[in-house]
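Read the structure below first, then the notes.
Protein chains: 2
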Amino acid sequence: MSENQTLLPDVASALESFTHLEQKIMHYQQLLGLVQWDLQSGGTPRKGQASRAEAIGALTADTFELFVSEEMGACLDVLTKPENNQQLDAESRARVRVAKKEYDKTKNIPSSMNREFSVLTAKAHHIWEEARSKNQFSLYEESLTKIVDFQRQFAEYYGYEGHPYNALLNNYEPGLNVEKLDLLFSDLRQKTIQLLDRIQASPHKPQKEIFEQKINIEQQKEFNKFILPKLNFDLDAGRLDESVHPFAIGLSTGDVRMTTRYLEEDVRSAIFSTMHECGHGLYEQGVHADYNGTFIQGGASMGIHESQSRFLENIVGRSLEFWTYFYEDLKAHFPQHFDQVSLEEFTRAINLSEPSLIRVEADELTYNLHIMIRYEIEKGLIGGQYEVKDLPQIWNEKMQDYLGITPSTDSEGVLQDVHWSFGGFGYFPSYCLGNLYAAQIAHTIKQQIPDFDQVIANGEFDKIRGWLLENIHQYGKLYTPGDLIVKVTGEELNAKYLVEYLEQKYTEVYKL
Amino acid sequence: MSENQTLLPDVASALESFTHLEQKIMHYQQLLGLVQWDLQSGGTPRKGQASRAEAIGALTADTFELFVSEEMGACLDVLTKPENNQQLDAESRARVRVAKKEYDKTKNIPSSMNREFSVLTAKAHHIWEEARSKNQFSLYEESLTKIVDFQRQFAEYYGYEGHPYNALLNNYEPGLNVEKLDLLFSDLRQKTIQLLDRIQASPHKPQKEIFEQKINIEQQKEFNKFILPKLNFDLDAGRLDESVHPFAIGLSTGDVRMTTRYLEEDVRSAIFSTMHECGHGLYEQGVHADYNGTFIQGGASMGIHESQSRFLENIVGRSLEFWTYFYEDLKAHFPQHFDQVSLEEFTRAINLSEPSLIRVEADELTYNLHIMIRYEIEKGLIGGQYEVKDLPQIWNEKMQDYLGITPSTDSEGVLQDVHWSFGGFGYFPSYCLGNLYAAQIAHTIKQQIPDFDQVIANGEFDKIRGWLLENIHQYGKLYTPGDLIVKVTGEELNAKYLVEYLEQKYTEVYKL
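Respectively, the protein sequence lines represent chains P and D. Here my numbering is used: the first residue of the first sequence is 3, the next is one more, and so on. Here my numbering is used: the first residue of the second sequence is 3, the next is one more, and so on.
This is the structure:
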């Protein structure tokens with residue numbers, strides 16, 4: 003980080019107090035992250051969960067109180083004054099920007115409300131797991147109703163223009179709103195459905211049967227352990243575990259924890275979950291070491307974060323070039339399972355597209371439709387058009403409308419996602435934004451690394467990683483997502499590159 | 003818990019404030035416990051450890067500040083006044099007693115000192131691991147010297163009568179001092195060395211070769227998983243992992259985490275480590291649910307805690323009756339490995355006694371000598387007779403003096419234990435106290451459950467567990483260790499029962 007050598011005394015003093023608060027908040031958040039990892043990776047014994055929820059509630063409340071403290075308010079007053087703010091170096095300005103957004107958003111929320119919400123969601127996570135495993139939405143209804151009520155109240159506290167859901171969207175993607183998203187999504191929906199129609203009419207189907215075989219989970223773990231370091235994930239600064247719903251969390255730049263999900267009957271699950279989370283993990287590990295423990299540690303936004311996971315999982319990980327490099331290794335790890343399958347057949351099969359029930363197992367094309375369904379439901383719940391008790395029915399109707407299929411059970415439908423259980427309303431659109439950002443960024447990389455395809459086929463992933471590190475990862479939250487995408491690609495986010503990418507890919511896979 | 007219904011208003015108000023502080027402190031300690039578990043079970047990636055140490059330091063300092071806060075002082079002033087104190091129910095009185103001891107001990111310690119010490123020890127743990135793995139004491143010398151300096155300063159802050167080491171002993175075993183310990187140890191040392199001489203002269207040696215075979219670690223894990231529930235450890239309220247140095251930690255009564263150590267070349271390591279930690283674990287799980295999250299959660303003292311682990315590991319776990327019940331299961335889990343070994347030979351072999359280098363692998367008899375060596379070194383370091391740089395030499399001389407053998411490397415000598423790296427001076431004697439308490443308690447159990455041996459041979463461990471729960475576990479820290487041992491056994495702690503037990507056992511094993 004550069005130095006703030008020329009600061010006026012009161013600015014220097016405010017920055018010092020601000021830094022002290024920031025360190026404490028980031029320490030707390032690091033510890034809370036560890037507790038969340040423990041809970042979500044299945045490490046917390048069942049009978050310890052209630053007590054853990056109380057402890058999480060206590061530390062979350064402390065963190066919140068520091069964030070909205072008078073001291074923080076006083077620091078931000080000084081540091082956001084234009085004549086003072088312009089004295090700061092870029093990093094300090096960004097740290098203040100991040101804090102100010104959080105402060106403004108939350109300063110009116112009573113700390114008891116945050117505490118209650120933490121306790122509620124820590125418990126709701128396990129209720130959701132139970133409801134899902136018992137296939138009984140009614141078990142979850144009461145918790146989810148409370149969570150939605152909290153979200154509506156939070157939206158009012160945060161403040162918004164237009165639709166109340168904008169307040170929640172803005173949490174994950176600063177500057178995003180319902181109007182922009184409706185436009186991006188309607189464009190993408192139309193092209194996706196056209197492409198899906200052409201795919202379904204194509205006589206050239208990939209051979210999905212090649213994955214209809216059981217593969218030993220220990221062997222799958224070995225393969226995952228084999229690819230992670232090749233993709234430049236640093237296992238001295240992170241780890242890979244298992245959970246029902248894979249996730250990645252950066253506790254610090256030196257402790258990035260990912261989980262994956264092994265299915266004996268579908269080897270794709272672990273491979274692509276691992277690559278997906280590895281994309282997140284590389285981002286967290288790649289943030290400038292000086293930003294560790296500051297407010298600009300971590301990714302620029304959820305959408306940008308998701309672009310990194312989608313880029314690695316889909317644009318790199320489902321390419322012919324990637325498997326040109328890895329296919330022999332895969333065959334060696336799973337002897338006999340793919341002996342009769344050519345590289346081309348394998349690559350076409352991992353790019354199969356067809357309507358399916360489970361978002362996390364959905365293909366690259368239909369995935370975006372899954373997101374649009376969740377987006378509409380969240381918008382309807384927060385806007386008051388929908389009620390929680392009706393969700394199973396609404397879900398199934400929308401699945402029919404967008405994807406032409408209906409889940410036969412709620413576990414395969416409305417109960418499939420963890421997100422609502424932790425109150426992550428406004429989060430789902432990030433996944434689709436991730437695809438949009440990823441395609442736009444990939445377009446730029448291919449211009450700047452003209453032999454991109456060959457680099458991947460050679461397994462020179464450090465070159466790709468180097469580019470991402472230099473252009474995106476190192477910056478953490480230094481730039482807003484809007485500024486970053488323009489800095490990196492020269493234009494604002496739009497659907498053009500994703501549509502082009504999908505059309506090109508599926509034209510090849512399905513010989514359209 | 004009973005109710006405090008008749009409290010005067012200012013006492014009720016002090017108790018309410020006290021309870022509020024207590025909850026917060028216990029929440030923090032629960033979270034710090036989780037972080038420690040993560041570190042010590044090897045879960046924290048190497049590059050994340052420095053940042054974690056800072057976060058631990060921050061929350062430890064917060065906990066400390068709450069403990070010595072003006073508010074805590076004011077509450078304790080009210081609640082310890084005799085006329086107020088006697089209004090409280092037994093549980094509240096005990097909670098106040100525990101807090102008052104901690105408050106008096108630490109109120110003069112500057113919070114910066116605690117914070118520095120936390121950071122130092124979090125880092126020292128990994129330095130110790132490195133020094134041990136590289137067999138290089140010099141790597142550890144600087145950290146350990148700083149830790150000893152801190153301990154000496156802490157002793158001054160805590161206050162003591164007589165030897166400064168008394169201040170540290172008192173942390174783990176309230177009421178203990180160098181004079182009492184010297185007496186207990188000199189008695190025990192003399193009888194142990196006499197017994198060891200007779201054992202070494204005996205022609206009837208157990209067949210230790212039966213353990214000189216490699217046993218697959220996955221099979222060992224299965225056996226450990228098999229015995230834990232039989233011993234009444236509740237896996238819905240705890241878990242078993244692995245670490246270099248096995249430990250148990252109770253984050254709450256519903257989340258008790260233990261680790262064990264698997265050695266392919268010695269199956270005894272995991273079996274007896276697991277039983278040992280299970281003894282601790284049962285105690286933590288067995289504390290009255292109402293005490294969870296209060297200052298009387300957890301064991302009465304380190305010595306009493308250790309009595310529970312020693313009781314299960316040695317008095318129960320190395321008995322002929324225990325293996326009468328489990329031996330066929332053991333043989334089934336490790337097919338062929340023990341086919342030629344009779345139950346009696348097996349039981350004699352697990353009770354082999356001979357001088358050895360590593361404390362955690364030492365037998366029940368010589369173990370106490372290992373403790374005496376550490377006790378003398380600690381006393382000398384804190385008293386200023388010894389310097390850290392001389393420890394490798396001092397260690398080796400004492401090993402020769404007590405056990406008649408000398409380590410050839412420091413990894414097998416002075417570097418073998420984790421304890422000093424976390425500043426656990428005064429802790430080691432607890433292990434020997436544990437043996438003393440355990441033998442004295444066992445003497446009482448055998449009077450109250452006259453068919454004790456048959457109960458174990460029948461695998462009716464719930465009967466033994468029930469007795470421990472009723473007489474010891476449920477009480478947590480309600481009683482001081484001195485009061486508890488008198489309540490349970492009718493007399494103060496003395497060496498008689500351990501000496502008797504050891505003489506009886508080894509007379510049988512070695513046909514003396």
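Even glycine gets a Cβ: it sits at the ideal position worked out from N, Cα and C.
Asked	Found
Tell me whether the beta-carbon of serine 53 of chain D lies closer than 8 Å to the beta-carbon of glycine 295 of chain P.	yes
For the ligand ADP, I want to know if isoleucine 195 of chain P counts as a neighbour, meaning its beta carbon is within less than 7 Å of at least one of the ligand's heavy atoms.	Questions concerning the ligand ADP fall outside what the structure shown contains, since it holds no ligand whatsoever.
Identify, in the order they occur along the chain, each residue of the same chain with its Cβ nearer than 8 Å to the Cβ of glutamate 494 of chain P, setting aside the five sequence neighbours on each side.	Gly484, Ile487, Val488
Any contact of the segment 67-81 of chain P with the segment 272-286 of chain P, i.e. 3+ C-beta pairs under 8 Å?	no
How far does the beta strand (DSSP E) with leucine 253 of chain P in it extend, from its first residue to its last?	250-254
Measuring alpha carbon to alpha carbon, tell me which of D/Tyr329, D/Ala92, D/Pro431, D/Leu170 ends up nearest isoleucine 375 of chain D.	D/Pro431
Specify the secondary structure class of valine 258 of chain D as computed by DSSP and reduced to three states.	strand
If distances are taken between C-alpha atoms only, which option among D/Glu363, D/Thr349, D/Thr368, D/Glu347 comes closest to proline 357 of chain D?	D/Thr368
Could you check whether the Cβ of glutamine 32 of chain D sits closer than 8 Å to any Cβ belonging to chain P?	yes
Kindly provide the ranges of any alpha helix (DSSP H) runs that are 4 or more residues long and lie completely inside the segment 128-210 of chain D, ordered along the chain.	139-160, 167-174, 180-203
Quick one: is alanine 60 of chain P near chain D, going by C-beta distance under 8 Å?	yes
Run through the segment 86-120 of chain D for me and flag every whole beta strand (DSSP E) of 3 or more residues, listed as ranges in chain order.	none
Quick check for students: name the residue ranges of the alpha helix (DSSP H) that lie wholly in the segment 405-457 of chain P, counting only runs of 4 or more.	431-450
Taking Cβ positions only, does glycine 288 of chain D come closer than 8 Å to chain P?	no
Relative to the C-alpha of lysine 2 of chain D, which candidate in D/Val416, D/Gln192, D/Met260 has its C-alpha closest?	As shown, chain D starts at 3 and ends at 514. That puts residue 2 of chain D outside it, with no answer to give.
For leucine 242 of chain P, which of helix, strand or coil comes out of DSSP?	strand
For a contact meaning CB atoms closer than 7 Å, what does lysine 1 of chain P contact in chain D?	In the structure displayed, chain P extends from 3 to 514; residue 1 of chain P sits before or after that span and is not available.
What did DSSP end up calling asparagine 398 of chain P once you bin it into helix, strand or coil?	helix
Is DSSP giving leucine 504 of chain D helix, strand or coil here?	helix
Whole angstroms is fine: what's the gap from serine 120 of chain D's alpha carbon to alanine 55 of chain D's?	7 Å
Name, going along the chain, the residues of the segment 212-243 of chain D whose beta-carbon falls closer than 8 Å to a beta-carbon of chain P.	Asp236, Leu237, Asp238, Ala239, Gly240, Arg241
Thinking just about the alpha-carbon of each residue, which of D/Leu170, D/Ile251, D/Leu314, D/Ala101 is nearest to the one in leucine 470 of chain D?	D/Leu314
Going by the CB atoms, is the gap between isoleucine 212 of chain P and alanine 364 of chain P shorter than 8 Å?	no
Does DSSP put isoleucine 352 of chain P in a helix, a strand or coil?	coil
Can you list, in chain order, the residues of its chain whose CB lies under 7 Å from that of tryptophan 422 of chain P, leaving out five sequence neighbours each side?	Leu146, Ile149
Since I believe leucine 171 of chain P is in contact with leucine 178 of chain P (beta carbons under 8 Å), could you give me their beta-carbon distance rounded to a whole number of angstroms?	5 Å
Contact defined as beta carbons within less than 8 Å: I believe proline 47 of chain P pairs with glycine 256 of chain D. What is the distance between those atoms, to the nearest angstrom?	6 Å
Can you find a CB in chain D that lies within less than 8 Å of the CB of valine 13 of chain P?	no
For chain D, find out if any of its Cβ atoms is closer than 8 Å to the Cβ of glycine 300 of chain P; answer yes or no.	no
Is there a Cβ from chain P that is less than 8 Å from the Cβ of asparagine 294 of chain D?	yes
Please report the distance separating the alpha-carbon of valine 98 of chain P from that of leucine 253 of chain P.	21 Å
On the premise that isoleucine 27 of chain P lies in contact with leucine 68 of chain P, defined as a C-beta separation below 8 Å, what is that separation, rounded to the nearest angstrom?	5 Å
So what does DSSP say about serine 358 of chain D, is it helix, strand or coil?	coil
Looking at the unbroken alpha helix (DSSP H) that takes in threonine 46 of chain D, where does it start and where does it end?	That residue, threonine 46 of chain D, is in no alpha helix (DSSP H); it is neither H nor E in DSSP.
Rounded to whole angstroms, what's the CA-CA distance from asparagine 370 of chain P to aspartate 331 of chain D? Just pull it up for me.	54 Å
Ignoring anything shorter than 4 residues or poking outside the segment 295-381 of chain D, list the alpha helix (DSSP H) runs there in chain order.	304-312, 322-335, 345-351
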